[in-house]
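Okay, so here's the structure we're looking at.
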Amino acid sequence: MARKLPKVDVVIVGVGWGGGIIASELTKQGLTVVGLERGKERKTEDYFMVHDELRYALRYEMMQDLSKETITFRSNTNVRALPMRSYGSFLMGTGLGGAGVHWNGHTFRFLPYDFEIRSKTIERYGEKKIPEGMTLQDWGITYDELEPYFDKFEQMAGISGAENPLGGKRSKPYPTPPMKMTPSLKMFEEAAKKLNLHPYPLPSANLSEAYTNPDGISRAACQYCGFCERFGCEYGAKADPVVTVIPVAKKTGKFEIRTHSHVRRILHTGNKATGVLYTDVTTGEEIEQPADIVVLTSYVFNNARLLLLSKLGRPYDPNTGKGVIGKNYCYQVMRGGATGFFEDREFNNYAGAGSLGMVLDDYNGDNFDHSNLNFLHGANISVSQYGQRPIANNTVPEGTPSWGKEFKAASLKYANRTINVGAQGASLPFRHHFLDLDPTYKDVFGDPLMRITFDFEEQDRQLAAFMSEKCGELAREMGASKVEVRGKLGPYDITPYQSTHNTGGVIMGATPETSAVNNYLQMWDVENVFVVGASAFAHNSGYNPTGTMGALSYRAAEGILKYHKSGGILV
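Per my numbering, the very first residue in the sequence shown carries number 28; after that it's consecutive.
Structure (structure tokens):
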């Protein structure tokens, strides 16, 4: 028998960026909020002098324990899905702050095209341009409607940057100036301008200077130590929920965080949630937390899985195209790009930051003509200087042996003589790409695992080949002695790391027939449940998702406050 606790205004499932933003905004308005986090407590002191590449980058200290819960994967419905037992294609974080602690800090705004992608594509090219089976749809919101929330996220996080010449209009400049320009970034900028392209500094959550945000949170500037991705920041220079929004919520006295709390079900009467059921993993005790409003703010897979386990919303059926929970799972096309090898120049590749880079959007979204191309959307193209840590970075020319004397010699020679020009491509939805519950494999509690059905399509292969050639042009213009272009995209392989940019499954839209949540991220079917995160994306753009997810979180917080006051469906 579960122990039942006193009711609160709002219970949040997962305390990362989404959960932290929701908690901060609601508690400032006087609501009582409980945040349930299945991982452990985190603070900046945990990372003092812990630049341990082996522990964090290669042994995944901050990630979910796959022996207790994982996902299963299959490329299509004709094969059996198997569990991911070791990390590869993406990394699922756990603990207070979630993936917002170990991210790099790239903070883009999706393009105006993204939010009205179906309408704008048909308007320019006609409906026949959309391939058969591609379930492209508008988001139920426009860029202009979302712009104030983008700004709010950027002001809170202190994003460092300069205006994107090909992006949507901004109401304010970035709160802090761009990060430093290194020689390789200057080379990229000069080469891009010679090719009549439009480079700009990568928008960065690594602070370029000391900053105090509108909530009064002060943080120090980035030290360019090169330990961002897969690491927490001991300086607090990288914006994460633990050093920005969570302290604001805690200061109100209205926010209680319970770590080691694994939520297993949303409790409901059918059309209204009454709270959640969770297990305290330190004691094994089952606990019921009643609440007037339930907000899911966990990772993409966990949001969709919890709804399916709780039998909330209509599960997606790829055979009929009906249903919405699990629909439009998307990823990212990251396998393209080019590497330039320099015989006559050296760079300090071992200094850097998670968001130190230059980027261009000339081939992103619909910023270029697709009339004679066999794909839609595009990619951003960039040069980034993350800081090449010594263990996992041995870039050598093709044909070099993978071990031995020659490999060591080439590794030493090119350690500071390479520049990678990368393309981060959009992932568009197809009817046969989806999430559902695995009928065979279960987690440590006996609940079905989340199953992914996904593969790259001809759309993705065409996009990767096109972008790789553009990356090669830039690398050659930068003066590389030798350029290797990676243009061929094979079937999706879940074993090598690519990107932790999984999206979809609980998508937003204008109607309950085609979407799970409205543009406040309120469920159409259950009015007091809000589902916040990249699970709401109807497709994935040629960008990192966090900036857009943060904007949607601020909008969802506004919607929750409206609902708490008046009730009812908000759209």
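Glycine included, C-beta positions come from ideal geometry on N, C-alpha and C. Computed from a predicted model, the values in this text were never measured in an experiment.
| Item | Value |
| --- | --- |
| Boundaries (first-last residue) of the alpha helix (DSSP H) holding Asp178 | 170 to 184 |
| Residue range of the unbroken alpha helix (DSSP H) whose run includes Gln489 | 485 to 504 |
| Selection from Val60, Arg444, Tyr524, Lys196 that minimises the alpha carbon distance to Lys281 | Val60 |
| Cβ pair Ile587, Val322 closer than 8 Å | yes |
| Span of the beta strand (DSSP E), counted from its first residue to its last, around Ala450 | 445 to 452 |
| In DSSP terms, what Thr203 is bridged to | Ser187 |
| Proximity winner among Val351, Ala543, Tyr390, Cys357, relative to Ile479 (alpha-carbon distances) | Cys357 |
| Presumed contact (8 Å Cβ cut-off) between His78 and Cys252, rounded CB distance | 7 Å |
| Inter-residue CB distance, Ile144 and Leu163 (contact presumed, cutoff 8 Å) | 6 Å |
| Simplified DSSP state of Met161, which is helix, strand or coil | strand |
| Proximity of Lys592 and Pro317 at Cβ, strictly below 8 Å | no |
| Neighbourhood of Val308 by C-beta, 8 Å cutoff - its chain only, sequence neighbours within 5 removed | Arg65, His287, Ser288, His289 |
| The region 504 to 518 touching the region 540 to 553, judged by at least three CB pairs closer than 8 Å | no |
| Residue burial classification, Phe177 (beta-carbon count within 10 angstroms, cutoff 16) | buried |
| Asn555 versus Arg582 - alpha carbon distance | 16 Å |
| Span of the alpha helix (DSSP H) around Val275 | 272 to 278 |
| N- and C-terminal bounds of the alpha helix (DSSP H) containing Arg145 | 144 to 152 |
| Backbone CA spacing between Leu193 and Lys349 [nearest angstrom] | 36 Å |
| Reduced DSSP secondary structure (H/G/I, E/B, other) of Gly43 | coil |
| Helix, strand or coil at Glu68 according to DSSP, with G and I counted as helix | coil |
| Beta-carbon gap between Pro466 and His528 smaller than 8 Å | no |
| Counterpart residues of Cys357 in DSSP-defined beta bridges | Thr530 |
| Within 8 Å, strictly: CB atoms of Leu336 and Ile352 | no |
| Spatial neighbours of Gly379 in its chain, beta-carbon cut-off 7 Å, leaving aside the 5 residues before and after | Tyr251, Gly253, Gln412, Tyr413, Gly414 |
| Ala232 vs Ser382 beta-carbon contact at 8 Å | yes |
| Which listed residue (Tyr114, Lys277, Gly367) has its alpha carbon closest to that of Leu93 | Tyr114 |
| Neighbour-count burial assignment, Ala189, 16 or more Cβ in a 10 Å radius | exposed |
| Beta carbon of Ser102 nearer than 8 Å to that of Tyr519 | yes |
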